[in-house]
DNA sequence: ATAAATCGTAATAATTGAAGTTACATGAAA
DNA sequence: TTTCATGTAACTTCAATTATTACGATTTAT
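Protein chains in written order, with the working numbering: chain A, 1025 to 1171; chain B, 1025 to 1171.
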C-alpha cells in the first residue's frame, strides 16, 4: 500500500506559508514539496473549505493562511483531510458471522482503538505554532553551527 | 491503500486449528477464510519458519499447531509476519534537507512512535489462549441464547 | 509402481487508493 | 485584452496486498 502523506504535505505547505509574508502560488508550493501544482490545489482546497486558508486567482494570486497558527492542531487538519484511515493493518472482514473471527476482530479492534485514541490525542496537542517554533529553533541552530 | 489483513488471517486460521483435533489442509483453511489455498500456504509458511506450526504433505497432510497457545502473542505473530508497516499515514519524505519538513517529520514521528509502542504493547499482552477463551465464551453465549 | 492428495513456490494478474499529469474553463489584475 | 493563477474533471501512474494459475515435489494408499 502506498501510504497517505497528505497531512505531512499540508503541514509542510502551511509552515512555508507562515514563514513568509504574502501569499504563495500552487506552483511555488509544489516546488517546495517536489510535487505537482494540481496536487497542491486539491489538498489545499480542503483546507479552504474548512476556512483555514484563502485562495485568490489571477496575477498576484495564490494561497494565504487565514487561521491563527496557535489554534490549528494536527488533529483538526487530519479531520479536514477527511479522517483518512490511520492503520495499514486491519481485519479481514469487518462483520463476520464466524465466532472465531469475531473474537479476533474484537481483540484487534480494541488494540487499534486505543492506539488511535492516543495518536489523535497527540495530534490534538500540537499546533501549527508549535511546529513553527520548532522550525525557528532548528533554523537558529543551523545558523549557529555554520558560523 | 489496501490494508494488510494477514495478522487477522493467521489468527483466524490458528484458532480454527486450535478448535479441532488433528490437522487442517490449506484448502479447508482457505474455505474458512474465503480465500485461496495458495494465500494460506504463503502466510502459514512464515509461521512454520518460526516454528509455530508444522506442515505435512501428501494425503492426510495439512497444518498443525506446534506452539503452546498460551505463549504465542499477537506481537510475536506480527513479528513473524515481517513487522509490516502499521500506519497508512506517513511522512512525504523521510530524510528531507528542508528544515521545515524536518520539523514536521519530527512531530509526526514522535506521535506515531508512541502510538506504535502502545499498540505493540497491547499485542504483547494478548495470547492465542486468550482469544480461544474469548471464543469459547462467545460460543457458550450463543448456545445459551438459542435454547 | 501408480495414483491421488497435499504442500512449495514461481510468475502473473487483479484490486485499491494515493499521487501525478494533462487539459481546459474561470476569474482577476495590469 | 493579455497574462497569470486557481478550479476541476479525466486519466495515468505507482505501490502494496491479495488472488490466481501452473507446475513441481512429497507422502500415503492400493
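All residues carry an ideal CB built from backbone N, CA and C; glycine is no exception.
Model, not experiment: these values are computed from the prediction.
C-beta atoms of residue i and residue j nearer than 7 Å
i              : j              : result
residue 1162/A : residue 1123/B : yes
residue 1028/B : residue 1113/A : yes
residue 1152/A : residue 1102/A : no
residue 1148/B : residue 1095/B : no
residue 1036/A : residue 1057/A : yes
residue 1077/A : residue 1090/A : yes
residue 1155/A : residue 1127/B : yes
residue 1135/A : residue 1146/B : yes
residue 1131/B : residue 1093/B : no
Environment of residue i [buried if 16+ CB atoms lie within 10 Å]
i              : result
residue 1125/B : buried
residue 1044/A : exposed
residue 1150/A : buried
residue 1064/A : buried
residue 1160/A : exposed
residue 1034/B : buried
residue 1169/B : exposed
residue 1158/A : buried
residue 1066/A : exposed
residue 1129/A : buried
residue 1171/B : exposed
residue 1099/A : buried
residue 1060/A : exposed
residue 1081/B : exposed
First and last residue of the uninterrupted beta strand (DSSP E) at residue i
i              : result
residue 1069/A : It is not in any beta strand (DSSP E) - residue 1069/A instead sits in the alpha helix (DSSP H) that spans 1061-1073.
residue 1080/B : 1077-1080
residue 1113/B : Segment: none, residue 1113/B is in no beta strand (DSSP E) and carries neither H nor E.
residue 1088/A : 1086-1089
Range of the contiguous alpha helix (DSSP H) that encloses residue i
i              : result
residue 1171/A : It is not in any alpha helix (DSSP H) - residue 1171/A carries neither H nor E in the DSSP assignment.
residue 1036/A : 1030-1043
residue 1129/A : 1123-1148
residue 1104/B : 1098-1104
residue 1050/B : 1050-1057
**Prompt:** Touch check for the stretch 1043-1060 of chain B and the stretch 1072-1092 of chain B: three-plus C-beta pairs under 8 Å?
**Reply:** yes
Would you say the stretch 1130-1146 of chain A touches the stretch 1130-1147 of chain B, given that touching needs at least three Cβ pairs under 8 Å? yes
- Task: Quick one: which residues of the stretch 1090-1121 of chain A get their C-beta closer than 9 Å to a C-beta of chain B? List them in chain order.
- Result: 1098, 1102, 1108, 1109, 1110, 1111, 1112, 1113, 1114, 1115, 1116, 1117 and 1120
Q. What residues in the stretch 1139-1162 of chain A bring their beta carbon closer than 7 Å to a beta carbon of chain B?
A. 1139, 1142, 1143, 1146, 1147, 1150, 1155, 1158, 1159 and 1162
| request: Give the residues from the stretch 1057-1076 of chain B that approach chain A closer than 9 Å (Cβ to any Cβ), ordered along the chain. | output: 1057, 1058 and 1059
Check your understanding: Which residues, taken in chain order from the stretch 1123-1138 of chain B, show a beta carbon closer than 8 Å to some beta carbon of chain A?
Key -> 1123, 1124, 1125, 1126, 1127, 1128, 1129, 1130, 1131, 1132, 1134, 1135, 1136 and 1138
query: Using a Cβ cut-off of 8 Å, which residues of the stretch 1031-1047 of chain A contact any Cβ in chain B, in chain order?
result: 1031, 1032, 1033, 1035, 1036, 1039, 1040 and 1043
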